[in-house]
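In what follows, a single structure is set out as structure tokens and then discussed.
Number of protein chains: 2
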Amino acid sequence: MSNVKTAKDIPKPYHHGDLYQEILCAARELLEENNIASLSLRAVAKKVGVSHTAPYRHFKDKESLLAGIAKLGYDELARQMQEAVSSHPNDPALQLKEAGHRYVLLALNSPQCTQLMFGGILPCDDTYPELRASADMAFEGLKSIIEKGQGDDVFKQGDVEELALAAWAGIHGLTLLLIGGNLPDILSIPADIRPLTNTVTTTLLEGLKAQRVKGS
Amino acid sequence: MSNVKTAKDIPKPYHHGDLYQEILCAARELLEENNIASLSLRAVAKKVGVSHTAPYRHFKDKESLLAGIAKLGYDELARQMQEAVSSHPNDPALQLKEAGHRYVLLALNSPQCTQLMFGGILPCDDTYPELRASADMAFEGLKSIIEKGQGDDVFKQGDVEELALAAWAGIHGLTLLLIGGNLPDILSIPADIRPLTNTVTTTLLEGLKAQRVKGS
DNA sequence: ACCTGAACACCGTTCAAGT
DNA sequence: ACCTGAACACCGTTCAAGT
Chain A
-17 MSNVKTAKDI
-7 PKPYHHGDLY
3 QEILCAAREL
13 LEENNIASLS
23 LRAVAKKVGV
33 SHTAPYRHFK
43 DKESLLAGIA
53 KLGYDELARQ
63 MQEAVSSHPN
73 DPALQLKEAG
83 HRYVLLALNS
93 PQCTQLMFGG
103 ILPCDDTYPE
113 LRASADMAFE
123 GLKSIIEKGQ
133 GDDVFKQGDV
143 EELALAAWAG
153 IHGLTLLLIG
163 GNLPDILSIP
173 ADIRPLTNTV
183 TTTLLEGLKA
193 QRVKGS
Chain B
-17 MSNVKTAKDI
-7 PKPYHHGDLY
3 QEILCAAREL
13 LEENNIASLS
23 LRAVAKKVGV
33 SHTAPYRHFK
43 DKESLLAGIA
53 KLGYDELARQ
63 MQEAVSSHPN
73 DPALQLKEAG
83 HRYVLLALNS
93 PQCTQLMFGG
103 ILPCDDTYPE
113 LRASADMAFE
123 GLKSIIEKGQ
133 GDDVFKQGDV
143 EELALAAWAG
153 IHGLTLLLIG
163 GNLPDILSIP
173 ADIRPLTNTV
183 TTTLLEGLKA
193 QRVKGS
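Going line by line, the protein sequences match chains A and B. For the record, in the first sequence the residue sitting at position 5 is -13 according to my numbering, with numbers rising by one throughout. For the record, in the second sequence the residue sitting at position 207 is 189 according to my numbering, with numbers rising by one throughout.
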């Protein structure tokens, strides 16, 4: 396409170069500063320095803005899973441990976004295809670890999707219990979460290991 | 007035026998009918047939009403965990499978309440001591299963809290992924969830099993 | 003691109007 | 095309007033 922009056919935006991005960014910050319930479109607009109706030029409604934030979260998660894979190119067991640790760390760094992604706030149908796509990408990272482990015969055989789900569930459950503050006082939220993630991922790994002959 | 009090000690409430309970009950129903974001105190009052300020006689604010609902959820969860234990009095492995299945089923029956309990909506400090107490009770159920398993030498040794957390995390993660609609299309939400819960609990059980001598 | 209605400060969203 | 301000229907919460 002929995208030659001369000075006169660049329609200078009213006030901003990229209001879409600015809104998204400001919303993400406000979300983490408080919580999901108290995030208001009007406050976001105010922070950006624009009238409270301006966001409607760029987002259909508040939910659609939330979906945009969640998508960024899934993208970052997918990136972390990918890095977990490449950090131990030939050891699926270590990949899984690394993935679990990164999953938890990311969530602790942006707990409100994590609640937004997994708290059932956004519709789970195909209202936001890009959101679904990004979420699936993150799951693919985990799945590839399981697949490699099965190929190397260090993980037991079986439906890849289901085993990947089992691994995901363990890590995901730990993560949400941590950021939700649902752990009993004894565990609470330790300064070093590594021991906890280790216990969970080790248990998972043992459960995923290639089966030996059963004892009973 | 015709307000003749037969039992002179009992001051008949204005309109209701137990407005506290009625509000709590109506709120729980409205919560599941829609979702947590769209639950309004005014709608609850309307449903009960009372002015929109009446609930403030019985609940400090909206959050405190939500805490009341969440407490009911934890109580029911604790009851289910207890029943899982007594359904297989001498088999911790079966207890754990049963507990996992009941955990998922309960959440699928009241997904919005589950999100309220674990979605980080309520403060995790000691603002609602009864809430914390009920939550701890549910965790105790799980812990007792792990303890018995360790005593019988069918589960591996180690910190009980941490192992219980690992088990909890697996079940919890599966549950939240299911009700959050975060699973990829292939898994989505099946008519019969038993295969999924079985895969997860079986993986957990393998990981919790008393260790054999390590292969490598 | 328990409930009501008006009042206030906040929302999300729509729409005619401005540049 | 992009943004504004008034307007509307909804909130949570407070408070003086009613019974």
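Ideal Cβ positions, reconstructed from N, Cα and C, are used throughout, including at glycine.
- Interface with chain B (9 Å Cβ-Cβ cutoff): A/L145 is included.
- Sorting B/A9, B/F137, B/L104 and B/I161 by C-alpha distance to the C-alpha of A/G163 places B/L104 at the top.
- A/I168 reaches chain B at E143, counting residues in chain order whose Cβ is nearer than 9 Å.
- Counting C-beta atoms within 10 angstroms of its own C-beta, B/Q3 has fewer than 16 neighbours from the protein chains shown and is therefore classed as exposed.
- Per the DSSP secondary-structure output, B/F137 pairs in a beta bridge with B/K191.
- Per the coordinates, the alpha-carbon of B/V32 lies some 13 Å from the alpha-carbon of B/L6.
- Separation of B/G155 and B/V86 (C-alpha to C-alpha, rounded to the nearest whole angstrom) is 10 Å.
- Taken through DSSP and simplified to helix, strand or coil, A/P71 comes out as coil.
- Counting every other CB atom within 10 Å of its CB across the protein chains shown gives A/H83 a total of 16 or more, marking it as buried.
- With respect to chain B, the C-beta atom of A/F41 has no partner C-beta closer than 9 Å.
- Only exposed fits B/Q139, as fewer than 16 other CB atoms lie within 10 angstroms of its CB.
- Here the region 141 to 156 of chain B lies against the region 144 to 158 of chain A, with 3 or more beta-carbon pairs under 8 Å apart.
- Bounds of the alpha helix (DSSP H) holding B/K28 are L23 to V30.
- Sixteen is the threshold: when 16 or more other Cβ atoms of the shown chains lie within 10 Å of the Cβ of A/K79, as they do, the residue is buried.
- The beta carbon of B/D134 sits closer than 7 Å to those of P74, all from its chain and outside the five residues before and after it, given in chain order.
- Considering only A/D174, A/A173, A/L178 and A/V136, the residue with the shortest C-alpha distance to B/A151 is A/L178.
- A residue is called buried once 16 or more other Cβ atoms fall within 10 Å of its Cβ, and B/S69, having fewer, is exposed.
- Apart from sequence neighbours up to five positions away, the residues of its chain that approach B/E14 with a beta-carbon distance below 8 Å are S92, P93, Q94 and C95, ordered along the chain.
- Taken through DSSP and simplified to helix, strand or coil, A/L98 comes out as helix.
- Sequence-distant Cβ neighbours of B/R24 in its own chain, meaning closer than 6 Å and more than five residues away, are H34.
- For B/G101, a Cβ of chain A is located within less than 9 Å of the residue's own Cβ.
- Per DSSP, the unbroken alpha helix (DSSP H) holding B/R10 starts and ends at L1 to E15.
- The criterion of a C-beta distance shorter than 9 Å is satisfied by A/L186 and B/G189.
- In the three-state reduction of the DSSP assignment, B/N164 falls in the coil class.
- Here the alpha carbon of A/N180 sits roughly 13 Å from the alpha carbon of A/P172.
- In the structure shown, the three-state DSSP call for A/P111 is helix.
- The C-beta of B/R10 has 16 or more other C-beta atoms within 10 Å across all chains shown, which makes the residue buried.
- Contact check for B/I51 against B/L98 passes: the beta carbons are separated by less than 9 Å.
- The residues T96, T157 and I161, in chain order, have a CB closer than 6 Å to that of A/A89 in the same chain once the five nearest residues on each side in sequence are set aside.
- In this structure, A/A49 is the residue among A/N72, A/A49, A/E129 and A/Q64 with its C-alpha nearest to the C-alpha of A/E112.
- Scanning its chain for C-beta atoms nearer than 7 Å, with the 5 sequence neighbours on each side dropped, one finds around B/A27 the residues S33, H34, A36 and P37, in chain order.
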